[in-house]
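2 protein chains.
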Amino acid sequence: MADQPPETDEKPESSAPKPLRADAQRNRDKLAEVAAQAFATDGVDASLEEIAKRAGVGIGTLYRHFPTREHLVEVVYRREVEGLCQAAEELAREHPADVALELWMQRFVDYIATKRGLATSLRVLLTTNSTLFSDTSGRVSSAMRGLVEAAAASGKIRADVDASDVMHALGGIYSAPNTPDWRERSGRLVKLLMDGLRFGARG
Amino acid sequence: MADQPPETDEKPESSAPKPLRADAQRNRDKLAEVAAQAFATDGVDASLEEIAKRAGVGIGTLYRHFPTREHLVEVVYRREVEGLCQAAEELAREHPADVALELWMQRFVDYIATKRGLATSLRVLLTTNSTLFSDTSGRVSSAMRGLVEAAAASGKIRADVDASDVMHALGGIYSAPNTPDWRERSGRLVKLLMDGLRFGARG
DNA sequence: CACTAAAACGGAGGCGCCTCCGTTTATTTA
DNA sequence: TAAATAAACGGAGGCGCCTCCGTTTTAGTG
């Protein structure tokens, strides 16, 4: 099924360390993909041996690519952010600006969901490795800014909103208690927010 | 995640919830003592089975008393703080005020040393369990305040210093890089600080 | 192609974690 | 002091972590 491997996480372009061998790259990608699922389902304590098995590689291979659990968590997290930012571009290309924004916010909810699963580990990582924090939060908020401004410019949402206000409005998603219906709640929050944004738009 | 009530251990005197059986109390104390040593020597990842063995109990006993590694770390840390505060009183009783202060600061260096060993775990614990942080930092700084004020009052050190300034001066111990000679450096820092405090004292 | 060196693979093995439960011990009661 | 019972003990067993190294695969080269 993996004819077209998804984008790699290590770009060989900028200060390229070394191009990975084809099989290595394939395994690395698969591992990250499976790990993302596993972490989302079982939390950060998901069994690494299980992940290796599900990715169809030996445990040794997993450890060669990701020497510690934290490494793996970090890579998964970066991919998540990467995917979120790419999604912003794609959605903007394929949908009216307001719809793109809404769809993207729904995806943002998914992203936060994984973040919750990784909570403890991520907290340590984000305070330890400050680059990680500034990298990711910067990228995400600028992706959102692009969508909001496009939607405002096209008249699909009101013009008097600032991207950072919208970000702030989404804050409730972070801070909400981790109830079982958290996801639905957040979905509704996004819809509500969109209604507010559309209200009084000129388009 | 699941946080438990503070659960004070040790002395059955301090508003005890339930008196522990004699053997249980003995084992619990011994475990905490051995663990303190082990953590200081080998870091937080010290083998719990080894700790149990050295304490002369089975691994099951260790887990009954301390369900998770974090529990054990927390108890060890609280004991450390406890010891530090008691030391302040004892030293004040048995030495001239300035000497007491100096000796106590040297002991404070030891305390910080264990804190460093426990760094990662403690950081998580201290952000997760905010009671722990306020409890301990409050107690330590007030112990120090007592010593400084006594020394100032007795004229052994200059009167125009504030305890929080001294605390601040010790800040360098925290932030110093974790070199092998860290301990010696810190010892010298304390001496230097004492010279500064004694300079111009009226006693 | 065939060959080779370098790169990557994978899983056995050793160790630590943690649970579970049969055995032992402290304390209470008579 | 002896019996009863609640509390504590301890270690075997199962599982996951991670390292080490013999085997396999890939990417060059003739």
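Protein chains in written order, with my numbering: chain A, 1 to 203; chain B, 1001 to 1203. Just so you know, even glycine gets a beta-carbon here, dropped at the ideal spot from N, CA and C.
- Scanning its chain for C-beta atoms nearer than 6 Å, with the 5 sequence neighbours on each side dropped, one finds around ARG1028/B the residues HIS1065, in chain order.
- Pairing VAL1124/B with THR120/A gives a Cβ-Cβ distance under 8 Å.
- Bounds of the alpha helix (DSSP H) holding THR1136/B are 1130-1153.
- Counting only residues of its own chain and dropping the five nearest sequence neighbours on each side, LEU62/A has a CB closer than 7 Å to the CB of LEU31, LEU48, ILE51 and ALA52.
- Under a criterion of Cβ atoms nearer than 7 Å, no residue of chain A is adjacent to VAL1044/B; the nearest Cβ is some 13 Å distant.
- In the three-state DSSP reduction, ALA32/A falls in the helix class (H, G or I).
- Residue nearest to SER1134/B within the set ARG1078/B, LEU1103/B and LEU1189/B is ARG1078/B (criterion: CA-CA distance).
- Distance check between LYS1156/B and each of LEU1197/B, SER1141/B and VAL1109/B places LEU1197/B closest, using alpha-carbon atoms only.
- For the pair ALA163/A and VAL148/A, the CB atoms are nearer than the 8 Å cut-off.
- At the C-beta level, ALA150/A and ALA159/A stay beyond 8 Å of one another.
- Annotated three-state conformation of ALA176/A is coil, per DSSP.
- Between the beta-carbon of VAL140/A and that of LEU84/A there is about 6 Å, and that keeps the pair under the 8 Å contact cut.
- Using beta-carbon distances, THR1179/B does not count as an interface residue toward chain A, since no partner is under 8 Å.
- Sixteen is the threshold: when 16 or more other Cβ atoms of the shown chains lie within 10 Å of the Cβ of THR136/A, as they do, the residue is buried.
- Excluding five sequence positions before and after ALA1176/B, the CB atoms of its chain that fall closer than 8 Å to its own CB belong to TRP1182, ARG1185 and SER1186, given in chain order.
- Going by beta carbons, GLY171/A and LEU189/A fall outside the 8 Å limit.
- Put simply, the CB of VAL81/A is far from chain B, with every gap to its CB atoms at 8 Å or more.
- Annotation: SER130/A to LEU122/A spans about 11 Å, alpha carbon to alpha carbon.
- Among the CB atoms of chain A, none fall inside 8 Å of the CB of THR1061/B.
- Residue range 182-198 is occupied by the alpha helix (DSSP H) that includes ARG188/A.
- When C-beta distances to chain A are compared with 9 Å, the residues of the region 1124-1146 of chain B below that value are VAL1124, THR1127 and THR1128, in chain order.
- One finds VAL124 and THR128 in chain A with Cβ atoms closer than 9 Å to the Cβ of THR1120/B, taken in chain order.
- Nearest neighbour of LEU1118/B by Cα position, chosen from GLU1070/B, GLY1060/B and ASP1023/B, turns out to be GLU1070/B.
- Here the alpha carbon of PHE1199/B sits roughly 32 Å from the alpha carbon of GLU1080/B.
- Between VAL75/A and VAL44/A, the gap from beta carbon to beta carbon reaches 8 Å or more.
- Less than 8 Å separates the beta-carbon of VAL1034/B from that of ARG1054/B.
- By the 16-neighbour rule on beta-carbons within 10 angstroms, GLU102/A is buried.
- By the Cβ-count criterion, ALA100/A is buried, with 16 or more other Cβ atoms from all chains shown falling within 10 Å of its own Cβ.
- By the neighbour-count criterion, in which 16 or more other beta carbons inside 10 Å mark a residue as buried, ALA1036/B falls on the buried side.
- In this structure GLY146/A is in contact with ALA88/A, their Cβ atoms being roughly 6 Å apart against a cut-off of 8 Å.
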